[in-house]
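Notes for the one structure printed next.
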Amino acid sequence: FETPDQGKARLLTHWEQLDYGVQFTSSRKFFTISPIILTGGIIPPVAQQLHKENIQRIVQEALYTSGISPSELSAIATTIKPGLALSLGVGLSFSLQLVDQLKKPFIPIHHMEAHALTIRLTNEVDFPFLVLLVSGGHCLLALVRGVSDFLLLGKSLDIAPGDMLDKVARRLSLIKHPECSTMSGGKAIEYLAKQGNRFHFDINPPMQHAKNCNFSFSGLQHVVDKIIMQKEKEEGIEKGQILSSAADIAAAVQHTTACHIAKRTHRAILFCKQRGLLSQSNAVLVVSGGVASNLYIRRALEIVTNATQCTLLCPPPRLCTDNGIMIAWNGIERLRAGLGILHNVEGIRYEPKYIV
Ligand code: ATP
Ligand code: FE
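The sequence shown finishes on residue 427 if you use full-length UniProt numbering, and the numbering steps up by one all the way, no holes.
Now the structure itself:
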């Protein structure tokens with residue numbers, strides 16, 4: 072890859088060295104940086120290759136750390152959708168080989184259901200509860216009625232909030248910002264927003280009059296794009312340089328994102344309570360996904376849950392973002408409920424689409 076300062080980048084394939092990071096050298100400095108910021112997104116064949124190179128060792132390490140022998144496993148649970156087909160294929164073919172070798176049942180897992188149920192690993196939460204999943208790839212509100220019973224109340228009609236924040240961060244060239252160059256786009260926006268004034272730019276939250284619980288973030292992204300273009304003209308700087316008003320723009324986009332997410336969630340809580348789908352007195356809202364680690368957005372959701380007598384729960388940050396523990400936990404939930412356990416995996420070999 073060409074790096075921003077024209078140094079040569081090399082993808083490290085050894086997990087321990089850099090946690091999937093990219094290391095690159097230039098004549099001036101040597102540093103590490105998230106591959107997502109560097110390349111502008113995940114490159115599917117590269118991700119596939121890294122999965123292939125690491126999966127065996129990761130599974131062995133997990134077994135070694137847990138002190139459980141392969142024969143003691145109850146079942147093998149693996150994500151089958153949604154996600155990057157190339158990466159999912161690596162996980163699926165590897166686990167089907169294990170299923171074959173160890174003669175264990177196989178439990179196909181839906182990635183978003185796993186996100187939604189993670190909270191039951193860390194907290195005592197009974198069904199039903201409301202879940203808001205906000206990440207780089209997804210944005211949805213659902214009522215979780217059981218291990219395998221989800222009522223989708225709303226979703227993004229275009230891009231996810233994390234994707235929008237990543238695009239704004241890239242457009243603001245935050246990778247060149249001395250304080251946030253190694254952060255994900257969303258985290259960089261949160262960091263910079265603390266130094267900015269959200270009142271300097273007035274951006275209307277999207278879908279203010281829509282009578283549903285859907286979301287939209289691409290309009291917001293275009294509005295912010297226009298503001299950045301205008302500011303570049305005013306400040307007389309080239310695209311790719313950092314604006315002096317970058318912190319104010321970050322604060323405004325974070326505020327508008329928080330308002331939009333909070334308002335749609337408020338509608339969903341009121342809808343569920345009015346229809347008797349959630350308890351009036353002890354309803355729970357679970358928020359998860361990478362964007363849920365944003366404290367400003369959490370604060371906005373706290374205001375909503377306080378006003379509607381709901382309890383707001385978030386899994387710890389390491390379980391909010393993508394992780395293997397939540398997949399294993401979903402497997403345990405399904406095992407306990409006797410749901411979706413396959414004893415015959417004939418015909419689903421290497422083809423995720425055949426399972427669902
Ligand atoms: P999915 O789980 O939908 O496949 P994903 O791979 O993007 O998506 P996550 O790790 O849950 O998974 O989320 C990453 C996203 O979260 C990125 O878009 C990132 O910018 C965003 N993000 C991370 N930290 C913050 C933060 N503090 N504030 C806002 N957004 C954040
Ligand atoms: Fe995820």
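Ideal placement from N, C-alpha and C gives every residue a C-beta, glycine not left out.
Note that the coordinates shown come from a computational prediction; the quantities given were computed from them, not determined experimentally.
{"Item": "Pull up the DSSP beta-bridge partners for V357, would you.", "Value": "V202 and L384"}
{"Item": "Write down every uninterrupted run of the alpha helix (DSSP H) in the segment 253 to 277 whose length is 4 residues or greater and which is fully enclosed by it, in chain order.", "Value": "256 to 264"}
{"Item": "So the beta strand (DSSP E) F288 belongs to, where does it begin and stop?", "Value": "Taken as a continuous stretch (DSSP letters only), F288 belongs to no beta strand (DSSP E), as it is neither H nor E."}
{"Item": "Taking the beta strand (DSSP E) that residue 48 falls in, what are its first and last residues?", "Value": "Beyond the ends of the chain as shown, which are 72 and 427, falls residue 48; an answer cannot be given."}
{"Item": "Do the CB positions of I260 and L384 come within less than 7 Å of each other?", "Value": "no"}
{"Item": "Three or more C-beta pairs closer than 8 Å, one from the segment 292 to 305 and one from the segment 348 to 361: is that the case here?", "Value": "no"}
{"Item": "On a Cα-Cα basis, can you pick out the residue from I299, L410, L413 and P386 that is closest to A187?", "Value": "P386"}
{"Item": "Can you tell me where the beta strand (DSSP E) holding residue 42 begins and where it ends?", "Value": "The shown model of the chain, from 72 to 427, leaves out residue 42, and the question about it has no answer."}
{"Item": "So which of R407, G402 and M183 has the shortest CA-CA distance to residue 502?", "Value": "Residue 502 falls outside the range modelled here, since the chain spans only 72 to 427, and no answer is possible."}
{"Item": "With a threshold of 6 Å, establish whether the CB of D234 neighbours any heavy atom of the ligand FE.", "Value": "no"}
{"Item": "How far does the beta strand (DSSP E) with G217 in it reach, from first residue to last?", "Value": "C210 to G217"}
{"Item": "So, V362 versus P232, is the Cβ gap smaller than 7 Å?", "Value": "yes"}
{"Item": "Less than 8 Å between the CB atoms is what I'm expecting for A318 and A264, so what's the real figure, rounded?", "Value": "7 Å"}
{"Item": "Straight-line CA distance for S219 to F200?", "Value": "13 Å"}
{"Item": "Check this for me: beta carbons of A148 and I398, under 7 Å apart or not?", "Value": "yes"}
{"Item": "Give me the residue from R369, L222, A146 and Q279 with the minimum Cα distance to L406.", "Value": "A146"}
{"Item": "With DSSP collapsed to three states, give me the class of H186.", "Value": "helix"}
{"Item": "Drop a sphere of 10 angstroms on the beta-carbon of R99, count the other beta-carbons inside from all chains shown, and report buried for 16 or more, exposed for fewer.", "Value": "Residue confidence for R99 is low, a pLDDT of 35 falling below 50, so the modelled location carries little weight; the figure read from the coordinates is stated next. Looking at its Cβ environment, which holds fewer than 16 other Cβ atoms inside 10 Å, R99 is exposed."}
{"Item": "For D220, name the three-state secondary structure that DSSP assigns.", "Value": "strand"}
{"Item": "Note down the Cα distance separating I129 from E195, rounded to an integer number of angstroms.", "Value": "29 Å"}
{"Item": "If the criterion is Cβ atoms closer than 7 Å, does the pair H122 and S164 meet it?", "Value": "no"}
{"Item": "Residues in the same chain with beta-carbon distance under 7 Å from H414, minus the five sequence neighbours each way, listed in chain order, please.", "Value": "P176"}
{"Item": "In terms of DSSP beta bridges, what is F177 paired with?", "Value": "I147 and L413"}
{"Item": "Pull the bridge partners of S315 from the DSSP assignment, please.", "Value": "Note: S315 sits in no beta bridge, so no partner."}
{"Item": "Could you tell me whether any non-hydrogen atom of the ligand ATP is closer than 6 Å to the CB of N365?", "Value": "yes"}
{"Item": "On a Cα-Cα basis, can you pick out the residue from L155, I151 and H181 that is closest to residue 429?", "Value": "Within the shown structure, residues of the chain are numbered from 72 to 427, placing residue 429 beyond reach of any answer."}
{"Item": "Ends of the alpha helix (DSSP H) at K310?", "Value": "Per DSSP, K310 belongs to no alpha helix (DSSP H) and is neither H nor E."}
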